Amino acid sequence: MKRKPSHRVLTSLDVKILKFLWKWKLSNIMVLKYALAPNRSFWKFYQIIRRLYNDNYIKEVSSSESTISFWTLTRKGFQYLNDGSLGLTQARYQPQALFHDYWALVFQFGDFIFGIPSSVEIVSEQEFTAREISDLPDWVPKTKTHIPDGLTKIKKGNSLEVVAFEIELSAKSDSRYEEMIHYLDQTEEINWVLWLCENESIIKKITRQITAVRRLRPMMHHFILKEDVQKYGWSAPFLWGELTGKTVCDLLGQGLSQEAVKTTLESHQFQSMAIYLESKKSPHKPNYLGTSLDPLNLLTPKGPGT
Numbered sequence: 193m194k195r196k197p198s199h200r201v202l203t204s205l206d207v208k209i210l211k212f213l214w215k216w217k218l219s220n221i222m223v224l225k226y227a228l229a230p231n232r233s234f235w236k237f238y239q240i241i242r243r244l245y246n247d248n249y250i251k252e253v254s255s256s257e258s259t260i261s262f263w264t265l266t267r268k269g270f271q272y273l274n275d276g277s278l279g280l281t282q283a284r285y286q287p288q289a290l291f292h293d294y295w296a297l298v299f300q301f302g303d304f305i306f307g308i309p310s311s312v313e314i315v316s317e318q319e320f321t322a323r324e325i326s327d328l329p330d331w332v333p334k335t336k337t338h339i340p341d342g343l344t345k346i347k348k349g350n351s352l353e354v355v356a357f358e359i360e361l362s363a364k365s366d367s368r369y370e371e372m373i374h375y376l377d378q379t380e381e382i383n384w385v386l387w388l389c390e391n392e393s394i395i396k397k398i399t400r401q402i403t404a405v406r407r408l409r410p411m412m413h414h415f416i417l418k419e420d421v422q423k424y425g426w427s428a429p430f431l432w433g434e435l436t437g438k439t440v441c442d443l444l445g446q447g448l449s450q451e452a453v454k455t456t457l458e459s460h461q462f463q464s465m466a467i468y469l470e471s472k473k474s475p476h477k478p479n480y481l482g483t484s485l486d487p488l489n490l491l492t493p494k495g496p497g498t
């Protein structure tokens, strides 16, 4: 169907959608709805997305690796944002690998889809890569010899902790892992590294590289299986490191206010994965949100070992 573009002025919500899609490169429609307009009706939000599509600010893409339909920016959408105020070193806006980039969103943004506490700050891979260092927060590493798949700062009392995220859906060479691990080990701004891996063989390959030589901080690395995150969200257990058996929720929740933890890390921990893994193209209210049941078998009502 041919689009019928209009010349309307974009609303503040329109701009938030474009900025979210630039920051994360892509999103399904349900994540956009819950992250940016939780109080809007599903039908009205769908109309907003369709208007942005008809005006050629966004486009729909899909991957053979997933049944999920994604929205991304078009050149017009990016040019609308990139008026010089973004401070970009690269004109980046399209995803490089749909499935990888979406799991970066799922793993880093996680339960913060329902609200980011004031003690948390998130820098995506897109932001770290494309922005000038001087335009990034002062807690971000000052060198880009390696680009993590995301960085999150957590304020715990009077101290700050920075978590780096790495998404490994296919194995890299030993030399590439050595470069990554050396950067993470030597970068003082980073306190923890969370690796989301496709399978245990990738975990073993990376951990062998970590232990092959003497490291300054070998126990900063923690590994988790994609399959477990798909089932349990941030309640999936780490499989290697000093936090083995603990969860992303445990790590990110330490030091946050009780209200923030209740809002973002406890009451929604299974609902969030239902939203991230939803494949329908229009926003709607699934009958399993707000319950422990999931007819798509994407979630289970309890974490592992409970």
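Sequential numbering from 193 applies to the sequence shown in this note's numbering. Note that the Cβ used here is the ideal one computed from N, Cα and C, for glycine as well. All values derive from a computational prediction rather than experimental measurement.
Let me know if residue i comes out buried or exposed under the rule of 16 or more other beta-carbons within 10 Å of its beta-carbon.
i, result
"VAL223", "buried"
"PRO329", "exposed"
"ASN231", "exposed"
"LEU388", "buried"
"GLY349", "exposed"
"LYS345", "buried"
"THR403", "exposed"
"SER204", "exposed"
"GLU501", "For the chain, the structure presents residues 193 to 498; residue 501 sits outside this window and is missing."
"ALA466", "buried"
"HIS199", "exposed"
"LEU408", "exposed"
"GLN463", "buried"
"GLU451", "For GLU451, the pLDDT reaches just 46, beneath the cut-off of 50, and the residue's location in the model is therefore unreliable, although a value from the coordinates is still provided. With fewer than 16 Cβ atoms within 10 Å of its Cβ, GLU451 is classed as exposed."
"GLN288", "exposed"
"VAL332", "buried"
"GLN239", "exposed"
"THR379", "buried"
"HIS460", "Residue placement at HIS460 is poorly supported in this model, since its pLDDT is 49, which falls under 50; the coordinates are not used for a value here."
Tell me, please, which residues DSSP counts as bridged to residue i.
i, result
"HIS414", "LEU386"
"LEU352", "LYS347"
"THR259", "According to DSSP, THR259 bridges with nothing at all."
"LEU265", "ILE250"
"ILE359", "LEU388"
"GLU313", "LYS345"
"SER219", "TRP263"
"TRP331", "Its beta-bridge partners do not exist; DSSP assigns none."
"PRO429", "THR439"
Suppose contacts are defined by Cβ-Cβ distances below 7 angstroms. Is residue i in contact with residue j by that definition?
i, j, result
"TRP214", "LEU265", "yes"
"THR436", "SER427", "no"
"ILE359", "TRP295", "yes"
"TRP384", "MET412", "yes"
"HIS414", "LEU386", "yes"
"TYR249", "LYS268", "yes"
"LYS418", "GLU390", "yes"
"ILE398", "TYR369", "yes"
"ASP442", "GLN401", "no"
"VAL315", "LEU297", "no"
"LYS347", "SER311", "yes"
I think residue i touches residue j, with their Cβ atoms under 8 angstroms apart; what is that distance to the nearest whole Å?
i, j, result
"PHE306", "TYR226", "7 angstroms"
"VAL354", "ILE382", "5 angstroms"
"LEU218", "LEU290", "7 angstroms"
"GLU317", "PRO340", "7 angstroms"
"LEU301", "TYR285", "Per the sequence shown, the amino acid found at residue 301 is Phe instead of Leu. Contact doesn't hold; Cβ gap of about 18 angstroms is too wide."
"ALA363", "ILE394", "5 angstroms"
"SER261", "LYS473", "5 angstroms"
"LEU228", "LYS208", "5 angstroms"
"ASN220", "GLU470", "6 angstroms"
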